[in-house]
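> My questions will all concern the structure given below.
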Amino acid sequence: MIKAALSVLAVAAVLLALVWVFQRRLIYLPDPTPPPPAGAVLPGARDVAFTTSDGLRLSAWHLTSGGRGVTVLVAGGNAGNRLHRGPLASALHREGFDVLLMDYRGYGGNPGSPSEEGLLRDARAARALVKGPVIYFGESLGAAVVTALAAEEPPDALVLRSPFTDLAAAGRHNYPFLPVGLLLWDRFPVAAPLASVRVPTAVVYGSRDTIVPAALSRTVAASAAGPVTEVEVEGAGHNDRALLDGPELIAAVVSLAPPQSS
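Numbering (my numbering), first residue to last: 595 to 856.
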């Protein structure tokens, strides 16, 4: 009996060690494939690049001439690359926004490997490309990235799509059998830093999100220091089209746009 128990403990210890070592492969799911040229996907868009503080040259797509004179800086979630956010950029451009679709290190043909510190470096470098009024838009994991950026360099407005309070909370929901809080290297807090961000903020989430439960996003909204709009998209799951470029999501961005000058 004791021998069997020790065997079980040994197996559990090995599994935890593997999760600890390879955890970033569970967190980050990049599509490393270089996307096609920007103009082939988004008419009028161009390929741009920026250099991070640790010397990585990263590619992005920039869609301009929206008419509002306001740029939406889009930080994606943990999967895919900028090609997958093309429909979002198109929908925002139709509403008059310029759009900068950044890709993190390791995503979309970019060099490097993702980490919490690295993604924030990437967002800082992308932000330096934007001139004039800017709205930060963060999708899921990207919500943590833009919230950290907003705490350093406040935008004109902030949109958080499907945000979690911190990565550990989302991890506990998805891996209830693991001591996630003890294992994580990358923490990605959202609620805590958002309490110091006083810009107008919209929190958009789906009522049927099984990856980041709606309750976590509601807690994020409650933590905002500035004026906050909470938009629950009824029936939407985490990866549903409604939360990619759906009308309620786009309307939330439009509602935060600075007034157009006459």
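We treat Cβ as the ideally placed atom computed from N, Cα and C, and that holds for glycine.
Please read these numbers as outputs of a predicted model, since none were measured by experiment.
Using 9 Å as the limit for Cβ to Cβ distance, is G775 near chain E?
Chain labels in this structure do not include chain E; a single protein chain is all it has.
> Please return the same chain residues whose Cβ sits closer than 6 Å to the Cβ of P705, not counting the five positions on each side in sequence.
Counting only Cβ-Cβ distances below 6 Å, and skipping sequence neighbours, we find L650.
> Span of the beta strand (DSSP E) holding L694?
D692 to M696
> Exposed or buried, what is P708 when buried is set at 16 or more other beta-carbons lying within 10 Å of its beta-carbon?
buried
> Which class does D716 belong to by DSSP, given the choice of helix, strand or coil?
helix
> Less than 9 Å separating the beta-carbons of P624 and A654?
no
> Do the stretch 826–835 and the stretch 791–807 meet, that is, are 3 or more Cβ pairs less than 8 Å apart?
yes
> I'd like the span of the alpha helix (DSSP H) that includes E569, first residue to last.
This structure cannot speak to residue 569, because the chain is shown only from 595 to 856.
> Counting along the chain, where does the beta strand (DSSP E) carrying R755 start and finish?
A751 to R755
> For a test of the three-state rule: what should DSSP assign to T759, helix, strand or coil?
If DSSP states are grouped into helix, strand and coil, T759 belongs with coil.
> What does a CB cutoff of less than 7 Å around L838 pick up in its chain, not counting 5 residues either side in sequence?
The answer, listed in chain order, is P681 and L682.
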